[in-house]
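Take a look at the structure set out below.
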Amino acid sequence: MATLSSSQPSQEPTNAPKSAKAWWRHLLFNSFWFVATLLIAISLNSVLEQLKFSNFIEALELKTYDLRASFRIGTPKHWADPRTMIVKFDDLTLNLHENDYGTWPWPRKIHAEMIDFMTRAGARMIAYDILFTSPQKGQQESDDALIRAFRDHPNVYFSMNFDNNLELYRQAGQDITSDIMDDVRKLEIPVVNQLNPKNPALKLDKTNFYVNSAMTFNHFRPLLPKLMDVGKRIAIINHGRDPDGISRGNPLFFRMVYQDPEYTQYLPVKEKESEQKGEKALKSQKQYVDQRGRPVTENGILLDAEGNRLGKLKVGYFPYLGLRMTLDMLYPGKNPTVTLTPQGYLSFENHYVPLAKNGNFMVAWYNYNYDQEQARQFWELQQPKISQFEQKLNSDPSFNTPGHKKELAIAHARMERAKGIIENPQLLPAPFPEISASHILMAIDHEKKGTLTERDRQLMAFLKGRVIFVGMTALATYDIKSTPLRQMMPGVILQANIFDNLLQNRFYIHRAHPGIQISIMVALSLLAALCTFRFRSANSGFIATFAITVIYLSITMIAYREYGIWLNVVMPVLVIVVTVILSFMAKYIRRDRDYKQTYILATTDGMTTLYNHRYFKEQMLSYIERCKRANHKFSLVLIDIDHFKKFNDTYGHQAGDEVLRAVARKLKQSVRSVDLVARYGGEEMAVILDRSNEFESLEVAKKLVEAVASEAYPISETVAKHVTISVGVSTYPVHSETVDGLIEFADKGLYRAKENGRNQVGEQFDLVPENPFLAPAMKLFKKAK
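All residue numbers for the sequence shown refer to my numbering, where the first residue is -3 and numbers rise by one.
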């Protein structure tokens, strides 16, 4: 067998460092998957919107919001103002007094008497969450009593509803008279939209920031005619609901477009010019529509099919009951202008109230159960602060102001509330003190008879300085709302919640900016991808990603509980899941590619790209086992390049390497795809011919000799040389049944070819042991030769 030349590569894989090319390829591969993950994180929301899937995502997000709201149980920083309370017409009240006043609705003089009683007791504000619309038949005196109580007590507020039933109203033969419109004007508040400073009316644009079905109306249910005269103490109580029917927020002001013969519509400069040029110029301007899809001008004036104005309309803005009461309580005697800022805030004086994209105010709901341990912690933390506050109040005359005294009184009231929870662990107080209207009705009856009891006097003392919301809590009246905390919450408690949120002005719920949400999704996507790629174990990657998800969910809970920030949950978690899936796909694609690359490096010769010696030996064993089971034959062709050492000495090793590569290519081209070509060592090569007997293998070997000798191989840019090969052949199981035996037999044939002049196939049939089955065939073959 020929001696290996110095150009023979190592047959074993090395631990040499990766080349620069491989390193850059690895970096580009990882960068590609990171960029793909980022793009998925950013575009996933848009894709879902295109697929009409965003409503489902938002519905899930609302449920996660409900869960976070329910976890705010017992947060001391979010306890309701102790001055706010509820007087409820519950089932007990309606049953106890049914014999006295009949079924609901009761005569309105009952409410007038309650207003007088609560005012005498020192109530600061009284808000009725009960509608008093059309006059009651035969009850004119009772209606007049209610109107009188309303006029005589400037601390009383009534509620009114808006709707969109103007056409039905007119079909009934009624119309909105000038007198009623004068009353409506008294209910308005000045609103400025800084999104369009030139126009005091809110602009109908594509953002739909403030325009939703719960904010825009064309009609209202007027109260008792004389009740409407007072004006500013009547507010709107229209209720906002999300698509799933749950109330998580509510508009703080409402927009109504109504006909007003005495009102001259404000026209921008372009529209004034268009009036002089004719209505055609107006038609060419940008078109707007209202909530019902009707064409309107930029300022909300209704248009007909030709684009002409239908009439003179006024756009008015009316406050929600809680907003109206907050404005009057904080700024008595004023009518502050409400401003809608470009940042999405409703501002008035020093208040900045965040609004949702649709204009709703997100209510920070007060929970119904308070935890005893949290109350104890609150007591321990607040007691030293209150003591220091009292010392400063007593020692510093400049600090002894009405405002500080009120602050101290509120702190003491909260401490008493916490003390009650600590001393009565079974007590589950409501967010606002609640008393049944029956207690007030019985106290009024005792007062009329001159038999006031100690309990009645305690009730009057309890009402002093309170902001009282009066409403229905009886299930039979159907004034029930669904909130994140309760499926059946009385509407009067909702009104109190909103008012208390605005009054305290210290804890608002607002949704994080879309840019922040996208940044969070990108960061979570990167972290999930990093964990997946960095951990070799799939279990470790999943655990790390799960930990990231849990940490983020905890952050969303803390952000809501402590800062009122609503961070999305569904989309970030979905992005994490998608990122993990894609990252594992990328990881295993890369691993498979690396495995294939490693496999190629371990099984092929680096110079000739033929299979290496080790792989050749492994395949020989595999062929023997396979042919033994299937009773097939295969042949081995052992090849050696003639005078290769002399060629190397004459032309150099680089020329020799080129010849090796060229001969290897020629051999691969000259055999079947199912045959295996390997570099045996040095200038020796081997071919395993699948399912080939001794006669077929001899023919193939001769063709290989002719194919190699027929071509001149370039060894430089100007020189090409012919080379020849010597070949030995063996066949399983004719010549041997072992790898070493087959190689030895073929090697002897190879040496005979060299001894006989090279460039030929060395025949070894005379060395074959006598075999009675093969002897006749061998004789015929030799004779033919």
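Positions of the beta carbon are idealized from the N, C-alpha and C atoms, including for glycine.
Note that the coordinates shown come from a computational prediction; the quantities given were computed from them, not determined experimentally.
Those residues which DSSP pairs with residue i across a bridge
i: D636; result: E680, S722
i: S631; result: L685, T727
i: M252; result: F213, G312
i: W562; result: R507
i: P247; result: N356
i: Y584; result: According to DSSP, which records beta bridges pairwise, Y584 is partnered with nothing at all.
i: K477; result: M485
Cβ-based burial, residue i [other Cβ within 10 Å; buried from 16]
i: V546; result: exposed
i: G329; result: exposed
i: P398; result: exposed
i: L597; result: exposed
i: K477; result: buried
i: K401; result: exposed
i: R462; result: buried
i: L634; result: buried
i: T449; result: exposed
i: H718; result: exposed
i: V226; result: buried
i: S579; result: buried
i: E679; result: buried
i: R625; result: exposed
i: D736; result: exposed
i: K14; result: Since pLDDT at K14 reaches only 45, below the 50 mark, its modelled position is unreliable, and the value read off the structure follows with that caveat. Looking at its Cβ environment, which holds fewer than 16 other Cβ atoms inside 10 Å, K14 is exposed.
i: N204; result: Its pLDDT being 43, under 50, N204 is placed unreliably by the model, and nothing is read from it.
i: N535; result: exposed
i: V683; result: buried
First through last residue of the alpha helix (DSSP H) which encompasses residue i
i: L342; result: Careful: L342 lies outside any alpha helix (DSSP H), inside the beta strand (DSSP E) at 341 to 344.
i: A742; result: 735 to 751
i: N95; result: 94 to 97
i: T115; result: 105 to 116
i: R622; result: 609 to 626
i: D787; result: The structure shown does not extend to residue 787, since the chain is modelled only from -3 through 781, so no value can be given for it.
Boundaries of the beta strand (DSSP E) in which residue i is found, first to last residue
i: M438; result: Here M438 belongs to no beta strand (DSSP E); instead the alpha helix (DSSP H) covers 433 to 445.
i: D159; result: 152 to 159
i: V463; result: 463 to 468
i: N497; result: No beta strand (DSSP E) holds N497; the alpha helix (DSSP H) holding it covers 487 to 500.
i: V518; result: Taken as a continuous stretch (DSSP letters only), V518 belongs to no beta strand (DSSP E), being part of the alpha helix (DSSP H) at 510 to 530.
i: F85; result: 80 to 85
i: T805; result: There is no way to answer for residue 805, as the model of the chain reaches only from -3 to 781.
i: A708; result: 708 to 710
i: G318; result: No beta strand (DSSP E) holds G318; the alpha helix (DSSP H) holding it covers 317 to 326.
Where residue i sits in the DSSP three-state scheme
i: K505; result: According to the sequence as given, residue 505 is Ile; it is not Lys. Here I505 sits in coil by DSSP.
i: N354; result: coil
i: N390; result: helix
i: I232; result: strand
i: W375; result: helix
i: H649; result: helix
i: F213; result: strand
i: T397; result: coil
i: A716; result: strand
i: M121; result: strand
i: A76; result: coil
i: Y591; result: helix
i: T599; result: helix
i: V673; result: strand
i: K662; result: helix
i: V701; result: helix
i: G329; result: coil
i: Y348; result: strand
Any chain D beta carbon closer than 8 angstroms to residue i
i: A540; result: Absent from the structure: chain D. Only one protein chain is present.
*Please determine if the region 218 to 238 and the region 313 to 330 are in contact, where contact requires at least 3 C-beta pairs separated by less than 8 angstroms.*
Under the 8 angstroms Cβ criterion, the region 218 to 238 counts as touching the region 313 to 330, having at least three qualifying pairs.
*Is the region 92 to 107 close to the region 137 to 148, with three or more CB pairs under 8 angstroms?*
Flag = yes, the region 92 to 107 and the region 137 to 148 touch.
*Hey, is the region 740 to 756 in contact with the region 713 to 726, meaning 3+ C-beta pairs nearer than 8 angstroms?*
Output reads yes: the region 713 to 726 touches the region 740 to 756.
*Spell out a yes or no on whether the region 653 to 660 and the region 696 to 712 are touching, meaning 3 or more CB-CB pairs, one atom from each, closer than 8 angstroms.*
Two segments are said to touch when three or more pairs of C-beta atoms, one from each, lie closer than 8 angstroms; by this definition the region 653 to 660 touches the region 696 to 712.
*Are the region 345 to 352 and the region 482 to 492 touching by the rule of at least three beta carbon pairs closer than 8 angstroms?*
Not touching, per the Cβ criterion.
*Is the region 550 to 558 touching the region 601 to 609 in the sense that three or more CB pairs, one from each, lie closer than 8 angstroms?*
The region 601 to 609 is not in contact with the region 550 to 558.
*asked:* Measuring CB atoms only, is the region 373 to 392 touching the region 530 to 550, in the sense that at least three cross pairs come out at less than 8 angstroms?
replied: Touching, no.
*asked:* For the region 693 to 705 against the region 659 to 670, do three or more pairs of beta-carbon atoms, one drawn from each stretch, fall closer than 8 angstroms, so that the two count as touching?
replied: A contact exists between the region 693 to 705 and the region 659 to 670.
*Would you call the region 427 to 443 and the region 89 to 96 touching, i.e. three or more CB-CB distances under 8 angstroms?*
Yes, the region 427 to 443 touches the region 89 to 96.
*Counting pairs of beta carbons, one from the region 322 to 341 and one from the region 494 to 509, are three or more of them closer than 8 angstroms?*
As far as the Cβ criterion goes, the region 322 to 341 touches the region 494 to 509, which means the pair count is three or higher.
_Contact between the region 145 to 157 and the region 118 to 126 (3+ Cβ pairs under 8 angstroms)_ = Yes, the region 145 to 157 touches the region 118 to 126.
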